[in-house]
Amino acid sequence: MTDQRKVVIKAADMPEIQKEVIDLTLQAFNKFTVEKDIASHIKRTLDTRHGPTFHVIVGRSFGSYVTHESKYFIYFYVDQFAVLIFKSG
């Protein structure tokens with residue numbers, strides 16, 4: 000259940016849809032077990048709701064350096080998984 004998962008926000012510039020994105024991510028973690036499937040579900044949903052092009056990375060260990068549209072970036076943890084979501088393009 001979503002209330003059992005620990006969410007820790009590390010960096011965010013997503014004031015308007017931040018809660019929606021976190022809720023969507025928690026739903027994806029509860030529905031899927033494979034990181035690629037979690038990321039795909041989040042990306043497709045955000046592209047449909049807010050237009051392209053969102054990028055979603057889910058994993059235990061990765062480095063990143065990205066350029067994003069203003070107000071469309073969040074980096075957080077769900078339990079031991081890092082989640083990076085941003086819009087670019």
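No gaps in the numbering here: position 6 of the sequence shown is 5 in numbering that gives the first Met the number 0, and each next residue is one more.
C-beta: ideal position from N, C-alpha, C; glycine also.
What are the start and end residues of the alpha helix (DSSP H) that includes residue i?
i, result
"Asp-36", "34-49"
"Phe-28", "17-30"
Measure the C-alpha to C-alpha separation of residue i and residue j and round it to an integer number of angstroms.
i, j, result
"Met-13", "Leu-45", "13 Å"
"His-67", "Ala-10", "13 Å"
"Arg-4", "Glu-15", "23 Å"
"Tyr-64", "Ile-37", "21 Å"
"Thr-32", "Leu-25", "12 Å"
"Ile-21", "Val-6", "8 Å"
"Leu-23", "Phe-61", "21 Å"
"Phe-80", "Glu-19", "18 Å"
"Lys-35", "Lys-42", "10 Å"
Along the chain, where does the beta strand (DSSP E) containing residue i start, and where does it finish?
i, result
"Val-77", "72-77"
"Phe-53", "53-58"
Thinking residue i and residue j are a contact (beta carbons under 8 Å), I'd like their distance in whole angstroms, please.
i, j, result
"Ala-54", "Ser-87", "First, the amino acid is wrong: residue 54 is His here, not Ala. Contact holds; Cβ gap of about 6 Å."
"Tyr-76", "Leu-83", "Incorrect: roughly 10 Å between the Cβ atoms, too far for contact."
Considering only the alpha carbon of each residue, which of the options lies closest to residue i?
i, options, result
"Ala-27", "Val-57, Ile-8, Phe-61, Tyr-74", "Val-57"
"Phe-85", "Asp-78, Pro-51, Arg-59", "Pro-51"
Report yes or no: is there a C-beta of chain D within less than 8 Å of the C-beta of residue i?
i, result
"Thr-66", "As a matter of chain content, chain D is missing from the structure shown, which is built from one protein chain."
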